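Chemist:
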Amino acid sequence: MIEGNKRFWLIGAALVALPGAVVAQSSTPENLLPPESPTAPAAQAQSSPVTPAATVQQITPMVQEWSIANARALAGVIASIGSEGLDPNDYMPGELDAAIATGPGESLNQAASRSFAWLVEDLRDGRTPMEARKQWFVVDPDPDRYRTADIMAEALANRSVADSLMALAPEHPDYAALKAELASATSPAKRKLIRANMDRWRWLAKDLGQQYLITNVPEYQLRLTVNDKIISTYRTIVGKPGRTATPQLAETVEGVIFNPTWTVPQSIVKGEGLGARVLGNPGWAKANGYRGSRDAKTGFVTVVQQPGANNSLGLMKLDMPNPHAIFLHDTPARNLFSQENRALSHGCIRTERAQELAITLAILGNLANTPEARKAAADEAVAISTSGKYTRVPIQKSMPVYITYFTMGRDIEGRLREFSDIYGRDAPVLASFDKPRQANRARATSEEAVEIVDDLQTT
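For the record, in the sequence shown the residue sitting at position 156 is 193 according to my numbering, with numbers rising by one throughout.
Set out below in structure tokens:
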């Protein structure tokens, strides 16, 4: 029987009982949205429908007309923005107060529009500049979904300046827990750490989706969330510090691969002599599940490990194409999940009870919307997983995967606590809070995506 059989069936029963609200999402996957240029100081375009005759664009200006009442509401938001982990001084409160004192006009319009736009950018996207977000390869879709000038226009028309701005803040329960902790924290160092981790939530999309996987690398935990409820949690093994540290990504699971094969990297085939051993000792190779071949013209040796209990990828991997070659997979070395320090891999994320997770995703990713259809999908997934044959089951519903890095947050028991900064990624974020706010920030990192080959050797 499959690993964790009893636990899986408990989860499976819960999934079968889910209402039909778990549906395919129509929005474009977060990591595939086109980047928007940094906000320009003059105007921001909003596309309108295309007609056969011409393309018509309506321009929402970045400098808009402010009343004294709206400007005073903005000043109130700035004065209290510290509760969101931001610094009021970043939003030019003195200049805004002076403009309010002079009355309506161009001076007020310029000062209020600038302060409002900066608040939108920081509440929506985060204050930390991209160069301080080490190994952060997520492109936040929110600047496209919640455009600064449009939010301003709506806030001014509805006299809802405060509500429009606060609606941009993350809604995840972990952000709320950090915000509550900030209100009572007195230690400057702790307050700074809380602010940094509140900002990390702003780096992600405000809407994470109806169903998604999220793993916090320093916590060594993976969560499966459906309809805002955590369905299950799994221990993880992540990349070792250094070149093989796990990067932060937002990707999409396109399929579940049961009983995967493993194409052995050339660093092992050639560098460690595995190719010569496989070709020179067929009996040993067969016993260990390896098949090797040599190209007659080039002499290039390829070694593929066949499906099985000893396969280096274990019994499943999640197909989530990305330029880093990072994915979630099983491991035959399951004893390592009992270790406290689990930064052991070469970049990929090894997942506890991976077969249970794979079957669960196969059910959730199926288009079936009735309990009977879900049960049939579960039975089929179990049969596939235990067949021993390589099988790829496509995920038809949207299933985002967020690989994050929080050094303070709620653990799987719901308790707020700190996690070890295993990759040293706090320092640049904390340092950025001591520097002046950076305007016109880049949306995408300039760091190069390095393909990490997980050779699965454990020290």
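Cβ atoms here follow ideal geometry from the backbone N, Cα and C, with glycine treated the same way.
If you're wondering where the values come from, they're calculated on a predicted model, not measured in any experiment.
Would residue 249 pass as a contact of residue 259 if the rule is Cβ separation under 8 angstroms?
Modeler: Residue 249 sits at position 212 when you count from the first residue of the sequence shown. Residue 259 sits at position 222 when you count from the first residue of the sequence shown. No, Cβ-Cβ distance for residue 249 and residue 259 is not below 8 angstroms.
Chemist: Could you pull out every residue in the same chain whose Cβ sits closer than 8 angstroms to the Cβ of residue 424, ignoring the five residues on either side in sequence?
Modeler: Here residue 424 is taken as the residue at index 387 of the sequence shown, counted from 1. Counting only Cβ-Cβ distances below 8 angstroms, and skipping sequence neighbours, we find 295, 296.
Chemist: Taking the alpha-carbon positions, what's the residue 497 to residue 352 distance?
Modeler: The shown model of the chain, from 38 to 496, leaves out residue 497, and the question about it has no answer.
Chemist: Would DSSP call residue 288 helix, strand or coil?
Modeler: Taking the first residue of the sequence shown as position 1, residue 288 is located at position 251. Residue 288 falls in the strand class under three-state DSSP.
Chemist: Which residues in the same chain as residue 21 place their Cβ atom closer than 8 angstroms to its Cβ, once the five residues preceding and following it in sequence are excluded?
Modeler: Past the edges of the chain, shown from 38 to 496, lies residue 21, and the structure says nothing about it.
Chemist: Residues in its own chain within less than 7 angstroms of residue 391 by CB, not counting five upstream and five downstream?
Modeler: Numbered from its first residue, the sequence shown carries residue 391 at position 354. Counting only Cβ-Cβ distances below 7 angstroms, and skipping sequence neighbours, we find 351, 352, 353, 366, 367.
Chemist: Measure the CB-CB distance between residue 150 and residue 99 and report whether it falls below 8 angstroms.
Modeler: Indexing the sequence shown from 1 puts residue 150 at position 113. Indexing the sequence shown from 1 puts residue 99 at position 62. Yes. Within cutoff.
Chemist: To which residues of the same chain is residue 228 closer than 7 angstroms at the C-beta, ignoring the five residues directly before and after it?
Modeler: Numbered from its first residue, the sequence shown carries residue 228 at position 191. Cβ within range, chain order: 219, 222.
Chemist: Going residue by residue through the segment 367–400, where are the continuous beta strand (DSSP E) segments of at least 3 residues, counting only ones entirely within it?
Modeler: Taking only runs of at least 3 residues, the beta strand (DSSP E) segments lying wholly in the segment 367–400 are 380–382, 386–388.
Chemist: For the beta strand (DSSP E) containing residue 145, name the first residue and the last one.
Modeler: Stepping through the sequence shown from its first residue, residue 145 is reached at position 108. Residue 145 -> not in any beta strand (DSSP E); alpha helix (DSSP H) instead, spanning 143–162.
Chemist: Do residue 364 and residue 285 have their beta-carbon atoms positioned less than 8 angstroms apart in this structure?
Modeler: Within the sequence shown, numbered from 1, the residue matching residue 285 stands at position 248. Within the sequence shown, numbered from 1, the residue matching residue 364 stands at position 327. No, they are not a contact pair.
Chemist: In this structure, how does DSSP classify residue 316 when only helix, strand and coil are distinguished?
Modeler: Numbered from 1 along the sequence shown, position 279 holds the residue referred to as residue 316. It is helical.
Chemist: At what residue ranges does the segment 253–278 contain a whole run of the beta strand (DSSP E), taking only runs of 3 or more?
Modeler: For the segment 253–278, whole beta strand (DSSP E) runs of length 3 or above, ordered along the chain, are 258–263, 266–276.
Chemist: Is the Cβ-Cβ distance between residue 189 and residue 154 less than 8 angstroms?
Modeler: On the sequence shown, residue 189 is found 152 positions in, with the first residue counted as 1. On the sequence shown, residue 154 is found 117 positions in, with the first residue counted as 1. In this structure, residue 154 lies closer than 8 angstroms to residue 189 by Cβ.
Chemist: Might you give, ordered along the chain, the residues of its own chain that have their beta carbon closer than 7 angstroms to the beta carbon of residue 359, omitting 5 neighbours on each side?
Modeler: Translated into positions along the sequence shown, residue 359 becomes position 322. Excluding residues within five positions, the ones whose Cβ falls inside 7 angstroms are 286, 288.
Chemist: Starting from residue 185, trace the beta strand (DSSP E) both ways and give me its first and last residue.
Modeler: For the purposes of this step, residue 185 is taken as residue 148 along the sequence shown, with counting starting at 1. Residue 185 -> not in any beta strand (DSSP E); alpha helix (DSSP H) instead, spanning 185–195.
Chemist: By Cβ distance, which residues of its chain are closer than 7 angstroms to residue 428, with the 5 residues on each side in sequence left out?
Modeler: As a working note, residue 428 is residue 391 in the sequence shown. The answer, listed in chain order, is 295, 296, 421.
Chemist: Strictly by DSSP, which residues pair up with residue 354?
Modeler: Against the sequence shown, residue 354 aligns to sequence position 317. Per DSSP, 294, 366.
Chemist: State the start and end residues of the unbroken alpha helix (DSSP H) segment that holds residue 439.
Modeler: Indexing the sequence shown from 1 puts residue 439 at position 402. Looking at the DSSP string, residue 439 is not in any alpha helix (DSSP H); the run it does join, the beta strand (DSSP E), is 437–441.
Chemist: When you compare the CB positions of residue 233 and residue 419, do they come within less than 8 angstroms of one another, or not?
Modeler: One-based indexing of the sequence shown puts residue 233 at position 196. One-based indexing of the sequence shown puts residue 419 at position 382. No; because the gap between Cβ atoms is not below 8 angstroms, this pair is not in contact.
Chemist: Is residue 210 near residue 243, with beta carbons less than 8 angstroms apart?
Modeler: On the sequence shown, position 173 is the one that residue 210 refers to. On the sequence shown, position 206 is the one that residue 243 refers to. Cβ atoms of residue 210 and residue 243: not closer than 8 angstroms.
Chemist: Return the residue from the list 264, 239, 460, 413 that minimises the CA-CA distance to residue 178.
Modeler: On the sequence shown, position 141 is the one that residue 178 refers to. If we check each option's Cα against that of residue 178, 239 comes out closest.
Chemist: Which stretch, first to last residue, makes up the alpha helix (DSSP H) that contains residue 411?
Modeler: Position 374 of the sequence shown, counted from the start, is the residue given in the question as residue 411. Segment 408–422, the alpha helix (DSSP H) holding residue 411.
Chemist: Where does residue 330 fall in DSSP's three states?
Modeler: Within the sequence shown, the letter at position 293 stands for residue 330. Looking at residue 330 - three-state DSSP - the assignment turns out to be strand.
Chemist: What span of residues does the beta strand (DSSP E) with residue 225 cover, start to end?
Modeler: Mapped onto the sequence shown, residue 225 falls at position 188. Taken as a continuous stretch (DSSP letters only), residue 225 belongs to no beta strand (DSSP E), being part of the alpha helix (DSSP H) at 225–240.
Chemist: With a threshold of 8 angstroms, are at least 3 pairs of Cβ atoms found where one atom belongs to the segment 474–484 and the other to the segment 163–173?
Modeler: Contact between the segment 474–484 and the segment 163–173 is present, because at least three Cβ pairs lie under 8 angstroms.
Chemist: Assign residue 305 to one of three DSSP states: helix, strand, or coil.
Modeler: For the purposes of this step, residue 305 is taken as the residue at position 268 of the sequence shown. Residue 305 falls in the helix class under three-state DSSP.
Chemist: From 193, 213, 278, 310, pick the residue whose C-alpha is nearest to that of residue 172; which is it?
Modeler: If you number the sequence shown from 1, residue 172 lands on position 135. Among 193, 213, 278, 310, the Cα nearest to that of residue 172 belongs to 278.
Chemist: Thinking just about the alpha-carbon of each residue, which of 204, 102, 215 is nearest to the one in residue 194?
Modeler: Against the sequence shown, residue 194 aligns to sequence position 157. Nearest of 204, 102, 215 to residue 194, Cα basis: 102.
Chemist: Which whole-angstrom value is the C-beta distance of residue 457 and residue 255, which I expect to be below 8 angstroms?
Modeler: Translated into positions along the sequence shown, residue 457 becomes position 420. Translated into positions along the sequence shown, residue 255 becomes position 218. Right, their Cβ atoms sit about 6 angstroms apart.
Chemist: Assuming residue 210 is part of the alpha helix (DSSP H), what are its boundary residues?
Modeler: By 1-based counting over the sequence shown, the position of residue 210 is 173. Per DSSP, residue 210 belongs to the alpha helix (DSSP H) from 210–221.
Chemist: On a Cα-Cα basis, can you pick out the residue from 241, 119, 184, 199 that is closest to residue 176?
Modeler: In the sequence shown, the residue the question calls residue 176 occupies position 139. Among 241, 119, 184, 199, the Cα nearest to that of residue 176 belongs to 241.
Chemist: On the three-state DSSP scale, how would you describe residue 444?
Modeler: Numbered from its first residue, the sequence shown carries residue 444 at position 407. Coil, per DSSP.
Chemist: Output needed for residue 123: all residues of its chain with C-beta closer than 7 angstroms, excluding positions within five of it in sequence on either side, in chain order.
Modeler: In the sequence shown, the residue the question calls residue 123 occupies position 86. Closer than 7 angstroms at the Cβ level, and outside the excluded window around residue 123, lie 159, 164.
Chemist: Pull up the CB-CB distance for residue 114 and residue 202, whole angstroms please, since I reckon it's below 8 angstroms.
Modeler: The residue given as residue 114 occupies position 77 in the sequence shown. The residue given as residue 202 occupies position 165 in the sequence shown. The Cβ separation is near 6 angstroms, so the contact holds.
Chemist: Using only the alpha-carbon positions, how far apart do residue 388 and residue 332 sit?
Modeler: Within the sequence shown, numbered from 1, the residue matching residue 388 stands at position 351. Within the sequence shown, numbered from 1, the residue matching residue 332 stands at position 295. Each residue's Cα considered, the two are about 35 angstroms apart.
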